[in-house]
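Q:
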Amino acid sequence: MIGIGNKGRNDDGLGWEFAEKIEQQQLPNTVCEYRYQLQIEDAHLIGQYETVFFVDASHQPIAKGFEITESKLVNHFYFSSHSQSPETILYLAKELFQKEPIAFTIAIAGEDWEFENKLSETAIQNLVKALKRFERFYS
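Position in the sequence shown (from 1) plus 2 gives the number in my numbering.
1) Give every residue of the same chain whose Cβ lies closer than 6 Å to the Cβ of Ser-122, excluding the five residues on either side of it in the sequence, and list them in chain order.
2) Name the two residues that bound the continuous alpha helix (DSSP H) containing Gly-17.
3) In whole angstroms, what is the alpha-carbon distance linking Phe-106 and Ser-73?
4) Output the distance between the C-alpha atoms of Phe-20 and Glu-43, rounded to the nearest integer angstrom.
5) To which residues of the same chain is Cys-34 closer than 7 Å at the C-beta, ignoring the five residues directly before and after it?
6) Mapping the DSSP letters down to three states, classify Thr-124 as helix, strand or coil.
7) Mapping DSSP to helix, strand and coil, what is Val-33?
8) Could you tell me the alpha carbon to alpha carbon distance between Gly-17 and Ile-110, rounded to whole angstroms?
9) Quick check on DSSP: helix, strand or coil for Ile-42?
10) For the region 41-111, which segments carrying the beta strand (DSSP E) assignment without a break, of at least 3 residues, lie completely within its bounds, in sequence order?
Okay, here's the thing in structure tokens:
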């Protein structure tokens, strides 16, 4: 699991918070990593696993407060070698390392992006919903 975000930007820390909650459960065969943004080096990391979850805050409203979607590899890159999409990281894992893990993206809706270290009430509610759904998915 890769939690993506920045806890110093309020709801942007949802990905990290989700990963921390999962890490505390000490689920078997589960490793949590934390990133401010995905980078090309993460292609090597994900190639070591059969299943990968990318968890990030969403700036867009989501009807249920979160969504879990399957990530498919795509051949597109951002100009910088920093801040790549999960789909690009999957593509690189296949092209560079011949690895193709099953991958999902968990997007959790946030609303507050100021420079503080706290989650909004809405973000907390959406986080709880996403965690409950993940627990059903995982079991």
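We treat Cβ as the ideally placed atom computed from N, Cα and C, and that holds for glycine.
A: Looking at the coordinates:
1) Asp-13, Glu-113, Asp-114
2) 16-26
3) 5 Å
4) 22 Å
5) Met-3, Gly-5, Ala-21, Ile-24, Glu-25
6) helix
7) coil
8) 8 Å
9) coil
10) 53-60, 68-72, 104-111
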